[in-house]
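Working notes for the structure below.
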Amino acid sequence: MNNQTKPDHISAGALDEYRPYLLRYALLQLRDNALAEDAVQETLLAALESRSKFSGKSSAKTWLTGILKHKIIDLFRKQAKETTQVSIEMALESGAGDFDALFHPDGHWNTLPQSWADPLKNLENKKFWEIFEICAKLMPANTARAFMMREFLGLSTEEICKDMQISATNCWVMLYRARMSLRLCLQHNWFGGNFEGK
Amino acid sequence: MLTCKEVSKLVSQSLDRRLSLVEWVGLRLHFVLCEGCRHFREQMAFIHRACQRYPD
Numbered sequence: 001m002n003n004q005t006k007p008d009h010i011s012a013g014a015l016d017e018y019r020p021y022l023l024r025y026a027l028l029q030l031r032d033n034a035l036a037e038d039a040v041q042e043t044l045l046a047a048l049e050s051r052s053k054f055s056g057k058s059s060a061k062t063w064l065t066g067i068l069k070h071k072i073i074d075l076f077r078k079q080a081k082e083t084t085q086v087s088i089e090m091a092l093e094s095g096a097g098d099f100d101a102l103f104h105p106d107g108h109w110n111t112l113p114q115s116w117a118d119p120l121k122n123l124e125n126k127k128f129w130e131i132f133e134i135c136a137k138l139m140p141a142n143t144a145r146a147f148m149m150r151e152f153l154g155l156s157t158e159e160i161c162k163d164m165q166i167s168a169t170n171c172w173v174m175l176y177r178a179r180m181s182l183r184l185c186l187q188h189n190w191f192g193g194n195f196e197g198k
Numbered sequence: 001m002l003t004c005k006e007v008s009k010l011v012s013q014s015l016d017r018r019l020s021l022v023e024w025v026g027l028r029l030h031f032v033l034c035e036g037c038r039h040f041r042e043q044m045a046f047i048h049r050a051c052q053r054y055p056d
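Just so you know, the sequences run in chain order H and D. As numbered in the working numbering, residues 1 to 198 make up the first sequence, in order. As numbered in the working numbering, residues 1 to 56 make up the second sequence, in order.
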């Protein structure tokens, strides 16, 4: 076993050092301070109780994020049960967040997407992540929930459909809108903008 | 021939489900001819990648 990550080496204090990181992660997805803090608190408590199960095969950060993800999935499932299906169906039918305006009536782009030169280097940039978070928070709540379940929590669309009680087609529509919304926001506020400090 | 709008939807769906052969070939053909959609596909792949990396 890697001696840097022996279970006895993870003290309560050391676990608590991950609190800001976990809170940021939870907040992006749950969009509610109180909920996010509860989820993080439960995560740290669960981690403390199951310290002996921590194998040290992954980093403590990965281990804690894994626990937090399960807490978030539970909360999403609870929220999904409380959301009336009518509101999801209505939002889909009303075309809220429809991206038709980006296209000519004949289906061509109004403005051709431009290349995001060497985008991966942005992943090292703190400012990029600030914009990314702002953009992610701009999505409508239900759309965001489907997107987070898929891209951050790694659930399959089948699982998401079941949890949100929507059809596969509606699920794809929500994920499409989420990605289109994130793309457009990043285009306007990061890639298309003139960021001197980039 | 798929329109750019249809392509944008299929590119997104390709991240969530296995496309049919017809859809896949349609996309390939379209990408050969359309630079905008090639950029769009790269942008979607980047967003997917960014989500996996958040918030490193």
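No residue lacks a Cβ here, since even glycine has one placed at the ideal position from N, Cα and C. It should be emphasised that the depicted structure is a prediction, and the values quoted were computed from it without experimental measurement.
Nearest-angstrom Cα separation, counted from H:P119 out to H:T111: 20 Å
8 Å contact criterion, which H:R150 and D:D16 should meet: CB distance rounded: 7 Å
Cα-Cα separation, H:I72 to D:L33: 42 Å
Neighbour flag for D:G103 against chain H, beta carbons, 7 Å: Any question about residue 103 of chain D goes unanswered here, given that chain D covers just 1 to 56.
H:I67 versus D:V11 - alpha carbon distance: 31 Å
D:R38 beta carbon less than 7 Å from that of D:F31: yes
DSSP three-state assignment for H:F99, whether helix, strand or coil: coil
The region 132-147 of chain H contacting the region 169-187 of chain H, beta-carbon criterion three pairs below 8 Å: yes
Residues in the region 3-29 of chain D having any Cβ partner in chain H nearer than 8 Å: T3, C4, K5, E6, S8, K9, S12, Q13, L15, D16, R17
Boundaries (first-last residue) of the alpha helix (DSSP H) holding H:K121: Neither: H:K121 is in no alpha helix (DSSP H) and is coded neither H nor E.
H:N194 burial status per 10 Å Cβ neighbour count (16 or more: buried): Annotation note: pLDDT 43 at H:N194 (below 50); position unreliable, no value reported.
Burial state of H:D163, where buried means 16 or more other Cβ atoms lie within 10 Å: buried
Residues that H:W109 bridges to, as DSSP identifies them: H:F103
H:Q79: contacting residues in chain D (beta-carbon distance under 9 Å): The premise fails here: H:Q79 is roughly 20 Å from chain D at the closest Cβ pair, so nothing lies under 9 Å.
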